[in-house]
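Everything below concerns the one structure shown next.
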Amino acid sequence: MPRPAPVRVVGPLSWIVWPTLIALAVTIVLGTPIKLFRLSPPEPVIPLVLAFAWPLIRPSVLAPLALFAAGLFLDLFWGGPTGLWPLALLAVYGLTLFARNFIVGQERRVLFAWYVGGVLLAYLIVYVAVAVQAQNAPSVIALVFGILPTILLFPAANWMIETFDDGDMRFR
Amino acid sequence: MAFRDGPFEKLRVPLTWAAALALIVAIVGAIVLLIADRRAGEDGDGYGAVRESFDRVAAPVGGVFAAPVRWIGQGADFVDDYFFAVSENRRLKARLAELEATRDANIALLNVNRRYQAMLGIRVEPPVPAVHARSVSESRGAFVNARLIDVGSRRGVKIGNPVINEHGLVGRVVGTTPSVSRVLLLTDVASRTPVLVDRTDARAILTGDGSGNPRLEFIRGQDAVRVGDRILSSGDGGSFPRGLPIGVAARGIDGTWRVKLFSDRGAMDFVRVLLFEDFSQLVDRRALDAAPLAGADTAPPPNAPAAPTQPAPQTAARPEASPAQPASPQPPPQPQEGAG
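Here the protein sequences come in this chain order: B and U.
When the letters of the first sequence are read in order and numbered with full-length UniProt numbering, they come out as residues 1 to 172.
When the letters of the second sequence are read in order and numbered with full-length UniProt numbering, they come out as residues 1 to 340.
As structure tokens, then:
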């Protein structure tokens, strides 16, 4: 009689808590007011990587709450209206969760297209909310320079999905 | 029995529903926060206890995280200085020659200006005290352009205080804690600054939009701006002293007038907060509250009987109409390091 395979349990600490803390720490580091070779460091919205990757790894109750907390941190750290980035991050999470069955198992190009769509959705929500609140539309050029570094973080999202997807035998 | 056939197989549906429920609750919470923040902004000018507490903690934590980045930045500056030392030296020599001529003209004009002020009894603006600060963190995106600086209400910083660096105006304080303040930069989408065009004295509003070069809007007069015109703070509204250098006018790629900021010429590591509130600190408040031209009477009609002469009531405004007192000549507002 064959022995049952050991169950590898990947707890929320591994795929939710630590990635959240790392994302926030990198955000703080990139918020340092310095210029390297006369250029400011980029300012991507790193928690968007988590908002895209988490629902593809596994639906979770903790993930929306962690995204809410991360978004609130971004609002307070950057000095924007509170509730803005939580809403944007949760919208991306909700979209990806809703389309999970279409995305899971697809090749990397499809994943990238969905990731870009999620990033654009998040920035669109924030753009509209800020334009309404400030009664002044932000510059589209500045918007593009914010979107690009975030899109370039797709390999991190892909790595998270490949690392943690089905890592826990119970969800196979 | 395979594991996928076990009792955990049924976990997927309830977990998805539970995640969706948590998502909806979190989204509702975010919307409530957003609405509450908007109402708080409309109702009061308070900074908010949550933001205040966060900033107080974020400054030292950010300082620890940022330390390695600062070391890297210093290394990059060293390399940068090494490779660009020759061109920088040439540029500085040319600049020095240009400024020496400007300095001589400035001394002559200052001398004439002081004599005019003394003759006319002009009340000049007093020097504005200032405190130095170090920038702790910044946000540079399209939506928020702000900085945390390491001085707060303990050093006399208040909401609304202008912030400058060695090149020009940077922004204004929008939130304070005892030890940390948040500065809204001129480039922020919520920033509006009354400015003037130095050459024509035309007024305009400098409106940030998240890009590096804020827009000039509501420009008064026709052909009031040309490319290269210096833009200064106008002091209208009393939020900024008049004459703080801001930048030069330029045409944007969208055809609008924009301003290339002087403050972008170098890093904004260190800034100065001008402890300037509004014009009420520059004049006697009782004089401001007095009725305009109190005591001044209209001339009687030519055929009216002569009224007995009454002494004009003494009001706080009268000294303005009294013979000019020689004012002590003072230069335009110069930031002074305050005793914080």
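From the three backbone atoms N, C-alpha and C, an ideal C-beta is built for every residue, glycine too.
By the beta-carbon neighbour count (other beta carbons within 10 angstroms, threshold 16), residue 150 of chain B is buried.
Residue 182 of chain U and residue 81 of chain B have their alpha carbons spaced roughly 14 Å apart. With 16 or more other Cβ atoms inside 10 Å of its own Cβ, residue 209 of chain U counts as buried. Counting along the chain, the unbroken alpha helix (DSSP H) around residue 62 of chain U starts and ends at 49 to 120. At a cut-off of 8 Å between C-beta atoms, residue 20 of chain B does not count as an interface residue with respect to chain U.
Across the structure, residue 27 of chain B and residue 51 of chain B are spaced so that their CA atoms are roughly 15 Å apart.
Under the 8 Å criterion on CB atoms, residue 28 of chain B is classed as interfacial with respect to chain U.
Per the C-alpha coordinates, the member of U/244, U/112, U/229 and U/133 positioned closest to residue 180 of chain U is U/133.
In its chain, beyond the 5 residues on either side, 127, 130 and 131 have a beta carbon closer than 7 Å to the beta carbon of residue 138 of chain B.
In the DSSP annotation of this structure, residue 114 of chain B is not part of any beta strand (DSSP E); the continuous alpha helix (DSSP H) holding it starts and ends at 108 to 134. Interface with chain U (8 Å Cβ-Cβ cutoff): residue 25 of chain B is included. One alpha carbon belongs to residue 260 of chain U, the other to residue 52 of chain U, and they sit about 32 Å apart. Residue 69 of chain U and residue 77 of chain U have their C-alpha atoms some 12 Å from each other. Assignment of residue 256 of chain U by DSSP, reduced to helix, strand and coil, places it in the coil class.
C-alpha of residue 98 of chain U to C-alpha of residue 168 of chain U: approximately 19 Å in a straight line. Rounded to the nearest whole angstrom, the CA to CA distance from residue 274 of chain U to residue 25 of chain U is 45 Å. In the three-state DSSP reduction, residue 242 of chain U falls in the coil class, being neither helix nor strand. Residue 119 of chain U and residue 113 of chain U have their C-alpha atoms spaced approximately 10 Å apart. The Cβ atoms of residue 59 of chain B and residue 13 of chain B do not sit closer than 8 Å to each other. The Cβ-Cβ distance between residue 123 of chain B and residue 143 of chain B falls below 8 Å. Against chain U, the CB of residue 159 of chain B has no partner CB under 8 Å away; the residue lies outside that interface. Annotation: Cβ neighbours of residue 72 of chain U in chain B (cutoff 9 Å, chain order): 34 and 36. Three or more Cβ pairs drawn from the region 198 to 215 of chain U and the region 132 to 151 of chain U lie within less than 8 Å of each other, which places the two stretches in contact. Within the region 249 to 268 of chain U, those residues whose Cβ lies closer than 7 Å to any Cβ of chain B are, in chain order, 267 and 268.
At a cut-off of 8 Å, the C-beta of residue 181 of chain U has no neighbouring C-beta in chain B.
Neighbours of residue 63 of chain B across chain U, judged by C-beta separation under 9 Å: 19, 22 and 23.
Per DSSP, residue 27 of chain B lies in no beta strand (DSSP E) segment; the continuous alpha helix (DSSP H) that holds it begins and ends at 18 to 30. Using a Cβ-Cβ distance cut-off of 8 Å, the region 30 to 37 of chain B and the region 253 to 271 of chain U are in contact, since at least three pairs of beta carbons, one from each stretch, lie closer than that value.
Each residue's CA atom was taken as its position, placing residue 157 of chain B and residue 79 of chain B some 26 Å apart.
The alpha carbon of residue 108 of chain B has as its nearest neighbour, out of B/140, B/75 and B/159, the alpha carbon of B/159. Listed along chain U are 16, 19, 20 and 23, each with a C-beta nearer than 8 Å to that of residue 97 of chain B. Secondary structure note for residue 138 of chain U: its beta strand (DSSP E) is the uninterrupted segment 128 to 139.
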